[in-house]
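With my numbering applied, the sequence shown covers -10 to 69.
Each residue gets a CB set at the ideal place from its N, CA and C atoms; glycine is no exception.
Each remark here refers to the structure printed beneath this line.
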Amino acid sequence: MAETEANPESESDVVFDRETLLDISVNIVPMVILLFFIVLFVVWTPWSGEPLISAMSHLLTIIPFVLLGLLTWIAAHYVR
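Spelled out as structure tokens, the structure:
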């Protein structure tokens, strides 16, 4: 009986288990795509002469990446 009581405590120490990672993997794929474009726009700037267009391209990729990461974190905690 003591083994069953200790088991939930050890499982609660894990941040994300296998099932939670499978549930949030649908958000991880778009985050990888957004991260690719963030790195691409940092390394290669197609609009080198226009600071406004360059800033907007960074904002339009960084803001959704951060918001999707926050949404994924919150969803993982509710799923868990």
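query, result
"Does the Cβ-Cβ distance between Thr50 and Leu23 come in under 7 Å?", "yes"
"Give the range of the alpha helix (DSSP H) segment to which Pro53 is assigned.", "Pro40 to Val68"
"CA-CA distance, Pro40 and Val3?", "44 Å"
"Which residues bound the alpha helix (DSSP H) around Ser14?", "Arg7 to Val32"
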